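So the number in the numbering used here is just where the residue sits in the sequence shown, counting from 1, plus 1447.
Using N, Cα and C, we set each Cβ at its ideal position, and we do this for glycine too.
If you're wondering where the values come from, they're calculated on a predicted model, not measured in any experiment.
Working notes, structure below.
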Amino acid sequence: MALLICCTRHEPAEKHAHFPCETIPAMKSPPPQKNGDFKDNEGTLLEPLDISAFGMLSPDKTAFEPLASYSPQAPVQQPPAPPWVTLREKGSEQSYRPVIRPPTAMLTILDDGEASDGETIRLRDQTTLIGRFEGKITLPHDPLVSARHAEIVRDGDKPPYRWLLRDLQSTNGTFVQCTKTILRPGRILILGSRRFTLQQPQKQSQSSMHMASTPGSGTGTLLFEDAQHALPRDEAWPSLVETTTSDARLEFPLQRPSLAVGLPGYGNDIELNDPTIAHHHARIFRDAHGVWHIEAIPSKNGVWVQVEAICLAKKTRFQCGEQRFLFVSSDAIG
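Structure follows, in structure tokens:
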């Protein structure tokens, strides 16, 4: 088929002339497509799918016109899935994750009074230093932060990676919010706005104990207040002692296997009159092996324990000085 184009030049009537017609070969139309010619995800590396497989753009329109061979009544028949393919629900595919480079974690410098909002920093370096004057994260306005206070380290050169938090022998320590931990002598806890530690009773000799004489018996009776010191050291009752040097420091003898911690007036064994303490804040108990534990009860401010080095969980809150942080690993993002 050829397209015939006639060109006519308009001249005055006395000089009217005709020019011969010019024959232009017509463009060949693409062969009609057959159902099944196109497959999903078909293409080459770094090359997108050919959109002409799904329609042709008209010069005078902005929408795609369907191919003549396409028929809604005749859907494309997909080949059956190979037997080794596991069928999954639509939308159950996993998010893309890098497999060569190390993962990226996020660290949020929490705003005052917030548990998740603040300034967020991506951790791409193997080591991130936190300090008052040195490091990637500096807190010059916090006098309780040491010059080099703590660091976050990405451990490992291949998956699975670990993230570690290390205290750099800071003056005031590094603390992690916990749900349950062992109480050890000298290990500092933060409950509300106060700091406590477990203090074991001092071992006393028999001669230093006060003996009350019993008339006519010729023997002495051990007074009740000295009785616990006469027990073996692992059976004596320790005390929860505030770490302040003030004369008004708090001290709570742990004289039963389980004690509740919270505000006064709510049936707690250890009462802390502190606005940042919940009605029922924590529970302190001794297990069958004589080891003391503290377990947090869900509250706004929680229980914080001093650490020297710890493997960070997917989501971990920690504190340097009076600044609190939220660490989120790449596994918990998205």
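* Starting from the Cα of L1576, find the closest Cα among P1722, E1769, S1640 and L1612 and give me that residue. => For this step, residue 1576 is matched to residue 129 along the sequence shown. Residue L1612 holds the alpha-carbon nearest to the alpha-carbon of L1576 among P1722, E1769, S1640 and L1612.
* **Residues of its chain near T1690, where Cβ-Cβ distance is below 7 Å and the 5 sequence neighbours each way are ignored** => What you label residue 1690 is simply residue 243 of the sequence shown in a count that begins at 1. The beta carbon of T1690 is closer than 7 Å to those of I1635, R1642, F1643 and T1644 in its chain, skipping five residues each way along the sequence.
* Spatial neighbours of S1664 within its chain, please: CB distance less than 6 Å, with the 5 preceding and 5 following residues excluded, ordered by chain position. => One-based indexing of the sequence shown puts residue 1664 at position 217. Confidence in S1664 is poor, its pLDDT being 41 and thus under 50, which makes the residue's placement too unreliable to answer from.
* **Rounded distance between the beta-carbons of V1708 and Q1646, thought under 8 Å** => Within the sequence shown, the letter at position 199 stands for residue 1646. Within the sequence shown, the letter at position 261 stands for residue 1708. Not quite, the Cβ-Cβ distance comes to about 16 Å (not below 8 Å), so this is no contact.
* To do: Check whether the stretch 1741 to 1753 touches the stretch 1614 to 1632, taking contact to mean three or more Cβ pairs, one atom from each stretch, closer than 8 Å.
  => yes
* Backbone secondary structure at M1656 - three-state DSSP -> Here residue 1656 is taken as the residue at index 209 of the sequence shown, counted from 1. Note on M1656: pLDDT 42, under 50, position unreliable in the model; the coordinate value appears next. Correct three-state label for M1656: coil.
* **G1620 - partner residues in DSSP beta bridges** => Here residue 1620 refers to the residue found at position 173 of the sequence shown. In the DSSP output, where bridge partners are listed per residue, G1620 has none listed.
* Kindly indicate which three-state DSSP category D1778 falls into: helix, strand or coil? => One-based indexing of the sequence shown puts residue 1778 at position 331. If DSSP states are grouped into helix, strand and coil, D1778 belongs with the helices.
* Asked: Taking all protein chains shown into account, do 16 or more other C-beta atoms lie within 10 angstroms of the C-beta of G1768, making it buried, or fewer, making it exposed?
  -> Counted from its first residue, the sequence shown places residue 1768 at position 321. By the neighbour-count definition (other C-beta atoms within 10 Å, threshold 16), G1768 is a buried residue.
* Asked: Per DSSP, G1737 forms a beta bridge with which residues?
  -> Within the sequence shown, numbered from 1, the residue matching residue 1737 stands at position 290. G1737 pairs with nothing; no bridge assigned.
* To do: Would you list the one or two residues that DSSP bridges to P1648?
  => Taking the sequence shown and counting its residues from 1, one reaches residue 1648 at position 201. Answer is none; P1648 lacks a bridge partner.
* Enumerate, from N- to C-terminal direction, the unbroken beta strand (DSSP E) stretches of 3 or more residues contained entirely within the stretch 1696 to 1760. => 1698 to 1700, 1705 to 1709, 1727 to 1733, 1739 to 1743, 1750 to 1754 and 1756 to 1758
* Helix or strand or just coil, what does DSSP make of R1642? -> For the purposes of this step, residue 1642 is taken as the residue at position 195 of the sequence shown. R1642: strand per DSSP, three-state reduction.
* Asked: beta strand (DSSP E) containing W1684: first to last residue?
  -> The sequence position of residue 1684 within the sequence shown is 237, counting from 1. No beta strand (DSSP E) contains W1684, which DSSP labels as neither H nor E.
* Asked: Between the C-alpha atoms of V1752 and I1629, what's the straight-line distance to the nearest angstrom?
  -> Here the question's residue 1752 lines up with position 305 in the sequence shown. Here the question's residue 1629 lines up with position 182 in the sequence shown. C-alpha separation (whole angstroms): 9 Å.
* Excluding the 5 residues preceding and the 5 following K1762 in the sequence, name in chain order all residues of the same chain whose CB lies nearer than 8 Å to its CB. => Working through the sequence shown from its first residue, we reach residue 1762 at position 315. So the qualifying residues of the chain are L1773, F1774, V1775, S1776 and A1779.
* Identify whether A1562 lies in helix, strand or coil by the three-state DSSP scheme. => Within the sequence shown, the letter at position 115 stands for residue 1562. Reduced to three states, the DSSP call for A1562 is coil.
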